[in-house]
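So the sequence lines, in the order shown, correspond to chains A and B.
Counting in my numbering, the first sequence runs from 1 upward without gaps.
Counting in my numbering, the second sequence runs from 1001 upward without gaps.
C-beta atoms are modelled at their ideal positions from N, C-alpha and C, and glycine is treated no differently.
Only one structure is covered here, and it is reproduced in the block below.
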Amino acid sequence: MSVGIIMLVHTAFDRAEQVARHWSAAGCPIIVHVDKNVLSGPYNEFVQALSDLPNVRFSKRHRCEWGTWGLVAATQSASRMMLDEFAHVRHVYLASGSCLPLRPVQELIDYLAERPQTDFIESATTSDVPWTIGGFDKERFTLSFPFSWRKNRFMFDKYVSVQRLVRYRRRIPNGIVPHMGSQWWCLTRQTLSAILDDPDRSVYDRYFSKVWIPDESYFQTLSRLYSRQIESRSLTLSKFDYQGKPHIFYDDHLQLLRRSDCFVARKIWPFANRLYDAFLMDPAGAMKRTEPNPGKIDRIFAKAVERRTRGRRGLFMQSRFPVEGRENGLTCAQYSVFQGFSDLFENFEPWLAKVTGTRVHGHLFAPERAEFSDGQTVMNGALSGSATLRDYNPRAFLSSLIWNTRGERQCFQMGPRDEIKDIEWDIAKDPNAQISVISGAWAVALFKSNKNFSDIRQEAARLQQTESKHLDVLRSPWAKARVRIWTMAEFIEAPMEPLQTIIDEIGKQTQFGLAEVPKMSDLTGFGQFLQNLKNQGMHPYLMGDFPVEHRLHEPNQDKPKPYLVR
Amino acid sequence: MSVLSEAVFAYRLRWKRRRLLFRAFRKRRQLCLIVDRTPQISAQDVLLFSTVRNEALRLPFFLDHYRRLGVKHFLIVDNASDDGTVEFLKEQDDVSLWRTTKSYRLSRFGVDWVTWLQIRFGHGHWCLSVDADEILIYPHHQTRSLPALTNWLEQHGHESFGALMLDMYPKGPVGDTTYNPGENPFDTLSWFDGGNYVMQKKSDLQNLWIQGGVRARLFFRDRPKRAPTLGKIPLVKWNRRYAYVSSTHSLLPRRLNHVYDADGGERTSGILLHSKFLNSVVMRSSEEKQRAEHFANSKLYDDYYDALSQNPTLWCEASSELTGWRQLEAMGLMSKGNWV
């Protein structure tokens, strides 16, 4: 009892020869099928090269093109030959020229000898698995596909849409249930011969010859009719990417392949010398397998598909530049934006850094320069604080900043004095942004400044207008950021509660509440300052209701309510 | 209407491409053949095209690196070198060499000459077009050759491969380092700017216009728009009807410029390590300023050359030190995509 190998070869004949010799040395008979597209010169050389092996035969050649019937026809011819010429073969293993045995062949022979009735063929119904790529799951069995997808994509697509339009459906013969799975299987003589000798074979062949990718469904479906015991998995490790293209294994996959529990892997890069040397030349090396961990291989390839299709969030780079709406987020991590806090509190930035342990910047979008934390002029990733460089592409500036500091939460100040026009929408629409605003707090800086009152008045009007527009942005239905807005008056009434909320959200658990509070600016006379602005015809309303006489942290219930702006 | 104007624009670009090809055809007589080993080229070979001038210092490592990656033949145009470049290249068994003394700038920075060579020899090959100071690396480059990469690209239906040019610099003043031919320049030029790149999509050719890096940070901080372009498409499955438009930043037809994913995923991409800032750059900058051959509006770059000739320090506290391709991959400067 032995296992026979069918090899489908179309290129890299030196490697195919090497693998054939490996199988042959372990006593496995081999039927080689060479694609008819191969010219007779290389074909004859290949036949010649293998002529010294007694148990190698070449089967009738078919033209094989991906997704067409040729591959099935080739397999049928080769199987027929195998069953007829090597009577002692019990299992037939379908492999390709770019397959590489990962474990000693004797292990495979022993493994199969212990399971004489088992067919190893991945076989599932279309409704059970989401494997199919390109939209054909059921349709691959109910439409007709006479045109080549590779060579005649236009007609292929047109013919499919015409069939859909007229609601054409093929009849599935004899009520068989289409199954599909990996095209690399290992079937018993009983099952395989039953398929090949089926009286209705011509019916099935005619049906499957117009099915989409029949080599993934012909044997997978028909073996269900005859097999005594199907183990629905492939003994060949074969990974496909999101477009259904096979992953290729290279030299650097050696350790990974050693962890596979499969007997054979495909497809192998023909110039992967280390792999071929390790698994073919050196039987001791092939035995030296580490603990099988096929899950690791799955994870790596699943991650690769994820990276190719979704990419790393918040990364803009030379080969990932999503159009607007497809970014999956402008930034890669959460960050906090504070507006008005550093105006209201004298030591807000150092306090915040101390309490939360995050990186706290000043006004990143200040007109003069980006005020990085600790007075740095260049940040992680050599991001420059130059205002011109920043304003050249503020979006890229922000996403780079957050990307470069992955693992460390960033906080920065913003205000109506800053260059926010080109960035405010981006921040507002970013779900990673946590924005806290004390509206009107910019007036504190004016209040403390030593400027002429007419200049102050002008500046106040400008800042109020800018901030008002900014608040509209933050309140717009498109804003995805977590936005909190307090008027200055509201905030001063009970500053601890909002501060606590913000800190909690940043994620630093302070068990006993805030041990230390930031120092609020002395606002004595601020109410009068606002009143003066009003008297000059400029109505500051973003601060909320501010009493003319207001003493810091003192409830003002017995004072008369001041004139309300809104 | 927009469909119509798009069609008109596509047609104009077609003529632009023809003009570029014709330009290369006219410039063919500027090239004087020195050594012709092109009969060695066989059908599957990856070819490298380059224009060089006084690069005797860099070429030994350059050739070694690309031979290691699996480049089979080098087709090089020498632009009036006088430092032994020609003699050195003549002795290499896998180099075919042409020589010209005509203007580099008027040949669109050597592109016209190279385009002519690509028309003649590049058709059907994967062609690398790089300068002598550009060293291509890509994910797994130590274990997977260029043919492995190109085979994989082809399998996925890609005809071109993008790479970001990464300016490498030493720690300390640029002119204070030493370099001998054949050494790995990135032993000393081991620092780079890791995360200050800005990019926008060009609406005409649909390529990404990438700027930033150390030169933007130091020399173009007041006029970032003028900062050098860093996005390149150096590796293309060539057809004799293709043409580079400006340096190797963009090509026609436009589909070759789509080396990035616009739907949020990551395409596989590489890095061109730029060895411009060897100590020789300090000496050469004043010469280049005189020659005015490197930029279309050379006058605008005088400050840049002046700054370079004063032996500046490009390094800063926030610079990153190169440890390998995996680092560049993790930093998001290039991507494996799904080539794992």
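Check your understanding: Applying a beta-carbon distance threshold of less than 7 angstroms, which residues of chain B neighbour S384/A?
Key -> To locate residue 384/A, count along the first sequence from 1; it is residue 384. Result: N1196, R1217 and R1221.
Exercise for review: For A1307/B, decide whether its Cβ has a neighbour in chain D, counting only Cβ atoms nearer than 8 angstroms.
Suggested key: Absence of chain D from the displayed structure is noted, the protein chains being A and B.
Check your understanding: Comparing alpha-carbon positions, which option in K245/A, L143/A, N393/A and R258/A lies nearest R103/A?
Key -> For the purposes of this step, residue 103/A is taken as the residue at position 103 of the first sequence. Nearest of K245/A, L143/A, N393/A and R258/A to R103/A, Cα basis: R258/A.
Check your understanding: So does the region 1186 to 1193 of chain B actually touch the region 1322 to 1330 of chain B, counting three or more Cβ pairs closer than 8 angstroms?
Key -> yes
Review point. Over what stretch of residues does the beta strand (DSSP E) that includes L1237/B continue unbroken?
Key: Stepping through the second sequence from its first residue, residue 1237/B is reached at position 237. Residue identity differs from the one stated: residue 1237/B is Lys in this sequence, not Leu. Note, K1237/B: beta strand (DSSP E), G1231 to K1237.
Review point. Under 7 angstroms Cβ-Cβ, which residues of chain B neighbour E327/A?
Key: For the purposes of this step, residue 327/A is taken as the residue at position 327 of the first sequence. For a Cβ distance threshold of 7 angstroms, residue set G1264 of chain B lies close to E327/A, ordered along the chain.
Practice item. With a threshold of 16 other CB atoms inside 10 Å of the CB of E324/A, please say whether the residue is buried or exposed. Key: To locate residue 324/A, count along the first sequence from 1; it is residue 324. Looking at its Cβ environment, which holds fewer than 16 other Cβ atoms inside 10 Å, E324/A is exposed.
Exercise for review: May I ask which residues mark the beginning and end of the alpha helix (DSSP H) holding K1289/B?
Suggested key: Position 289 of the second sequence holds residue 1289/B. Where K1289/B is concerned, the enclosing alpha helix (DSSP H) stretches over S1280 to R1291.
Exercise for review: Could you check how far apart the C-beta atoms of P1185/B and S1275/B are, in whole angstroms? I think they sit under 8 angstroms.
Suggested key: Indexing the second sequence from 1 puts residue 1185/B at position 185. Indexing the second sequence from 1 puts residue 1275/B at position 275. Confirmed, about 4 angstroms.
Check your understanding: Just checking my contact of P246/A with R274/A at CB under 8 angstroms: how many whole Å lie between their CB atoms?
Key -> Here residue 246/A refers to the residue found at position 246 of the first sequence. Here residue 274/A refers to the residue found at position 274 of the first sequence. Actually they do not touch by this definition, with Cβ atoms about 20 angstroms apart.
Check your understanding: Three-state secondary structure (DSSP) at I268/A?
Key -> On the first sequence, residue 268/A is found 268 positions in, with the first residue counted as 1. If DSSP states are grouped into helix, strand and coil, I268/A belongs with the strands.
Check your understanding: Can you tell me whether DSSP reads K1072/B as helix, strand or coil?
Key -> By one-based count along the second sequence, residue 1072/B stands at place 72. Strand.
Point to revise | chain B contact for R566/A (CB, 8 angstroms cutoff) | key: Here residue 566/A refers to the residue found at position 566 when the first sequence is read from its first residue. Only weak support is given to the placement of R566/A: the predicted model assigns it a pLDDT of 43, under 50, and the value that follows is read from those uncertain coordinates. Output row for R566/A: interface = no.
Exercise for review: Please name the residue or residues paired with T125/A in a DSSP beta bridge.
Suggested key: Residue mapping note: residue 125/A aligns to position 125 of the first sequence, counting from 1. T125/A pairs with H179/A.
Point to revise | L499/A: first and last residue of the uninterrupted alpha helix (DSSP H) it sits in | key: Position 499 of the first sequence, counted from the first residue, corresponds to residue 499/A. M496 to I506 is the extent of the alpha helix (DSSP H) around L499/A.
Exercise for review: Using a Cβ cut-off of 8 angstroms (strictly closer), state whether S966/B contacts chain A.
Suggested key: No statement about residue 966/B is possible, as the shown extent of chain B runs from 1001 to 1340 and does not include it.
Exercise for review: Compare the Cα-Cα distances from P1039/B to each of R1018/B, K1072/B and R1019/B and report the closest residue.
Suggested key: Within the second sequence, numbered from 1, the residue matching residue 1039/B stands at position 39. That would be K1072/B, whose Cα lies nearest to the Cα of P1039/B.
Check your understanding: Which first and last residues belong to the beta strand (DSSP E) in which E1134/B is found?
Key -> Here the question's residue 1134/B lines up with position 134 in the second sequence. E1134 to I1137 is the span of the beta strand (DSSP E), which, as asked, contains E1134/B.
Review point. Taking the alpha carbon of V211/A as the point to measure from, which residue in R140/A, R475/A and I248/A has its own alpha carbon closest?
Key: In the first sequence, residue 211/A corresponds to position 211, counting from 1. Comparing Cα positions, the closest option is R140/A.
Check your understanding: Can you list, in chain order, the residues of its chain whose CB lies under 6 angstroms from that of S59/A, leaving out five sequence neighbours each side?
Key -> Counting from 1 along the first sequence, the entry for residue 59/A is found at position 59. Counting only Cβ-Cβ distances below 6 angstroms, and skipping sequence neighbours, we find I31, H33, S77, A78 and M81.
Review point. DSSP on V211/A, reduced to helix/strand/coil?
Key: What you label residue 211/A is simply residue 211 of the first sequence in a count that begins at 1. Here V211/A sits in coil by DSSP.
Check your understanding: Using the beta-carbon of each residue, which ones in chain B are nearer than 9 angstroms to S400/A?
Key -> To locate residue 400/A, count along the first sequence from 1; it is residue 400. Ordered by position in chain B, the residues that pass the 9 angstroms Cβ test against S400/A are G1195, N1196, Y1197, V1198 and G1212.
Review point. Does the region 183 to 193 of chain A come close enough to the region 113 to 127 of chain A to have 3 or more Cβ pairs within less than 8 angstroms?
Key: A contact is defined here as three or more CB-CB pairs under 8 angstroms, and the region 183 to 193 of chain A meets this definition with respect to the region 113 to 127 of chain A.
Exercise for review: Put K1201/B into one of helix, strand or coil per three-state DSSP.
Suggested key: Within the second sequence, the letter at position 201 stands for residue 1201/B. Strand.
Review point. Helix, strand or coil: how does DSSP classify F13/A here?
Key: Sequence index remark: in the first sequence, residue 13/A carries index 13 (1-based). Three-state result, F13/A: helix.
Exercise for review: Could you check the C-alpha separation between V565/A and L1205/B for me, to the nearest Å?
Suggested key: Taking the first sequence and counting its residues from 1, one reaches residue 565/A at position 565. Taking the second sequence and counting its residues from 1, one reaches residue 1205/B at position 205. Annotation note: pLDDT 46 at V565/A (below 50); position unreliable, coordinate value reported separately. Going by the C-alpha atoms only, they are around 54 angstroms apart.
Practice item. Using 10 angstroms around the beta-carbon of L1128/B, count the other beta-carbons present and answer buried if the total reaches 16, otherwise exposed. Key: Taking the second sequence and counting its residues from 1, one reaches residue 1128/B at position 128. Buried: at least 16 other Cβ atoms inside 10 Å.
Point to revise | Below-8 angstroms beta-carbon distance, D558/A vs any chain B residue | key: Residue mapping note: residue 558/A aligns to position 558 of the first sequence, counting from 1. With a pLDDT of 46 at D558/A, under the threshold of 50, the modelled position of this residue cannot be trusted; read the value that follows with caution. D558/A does not count as touching chain B.
Exercise for review: Please look up how many angstroms separate the CB atoms of L1057/B and S1280/B, rounded, as I've assumed it's under 8 angstroms.
Suggested key: Here the question's residue 1057/B lines up with position 57 in the second sequence. Here the question's residue 1280/B lines up with position 280 in the second sequence. Right, their Cβ atoms sit about 6 angstroms apart.
Check your understanding: Which residues in the same chain have their Cβ closer than 8 angstroms to the Cβ of T501/A, if we skip the five residues on either side of it in sequence?
Key -> For this step, residue 501/A is matched to residue 501 along the first sequence. The answer, listed in chain order, is R484.
Exercise for review: Please check if any C-beta of chain B sits within less than 8 angstroms of the C-beta of T388/A.
Suggested key: For the purposes of this step, residue 388/A is identified with residue 388 of the first sequence, where counting begins at 1. When Cβ-Cβ separations below 8 angstroms define contact, T388/A makes contact with chain B.
Check your understanding: Over what stretch of residues does the alpha helix (DSSP H) that includes V1214/B continue unbroken?
Key -> Position 214 of the second sequence, counted from the first residue, corresponds to residue 1214/B. Here the alpha helix (DSSP H) through V1214/B covers G1213 to L1218.
Review point. Residues in the region 405 to 438 of chain A with C-beta within 8 angstroms of chain B's C-beta atoms, listed in sequence order?
Key: none
**Study point:** P540/A in three-state terms, based on DSSP
**Key:** The sequence position of residue 540/A within the first sequence is 540, counting from 1. DSSP places P540/A in coil when its eight states are reduced to three.
Review point. Tell me which same chain residues have a C-beta within less than 7 angstroms of the C-beta of I420/A, skipping the five on either side of it?
Key: For this step, residue 420/A is matched to residue 420 along the first sequence. F365, M414 and H470, listed in sequence order.
Check your understanding: From L523/A to A333/A, what does the alpha carbon distance come to, in whole angstroms?
Key -> Along the first sequence, one-based indexing puts residue 523/A at 523. Along the first sequence, one-based indexing puts residue 333/A at 333. Going by the C-alpha atoms only, they are around 36 angstroms apart.
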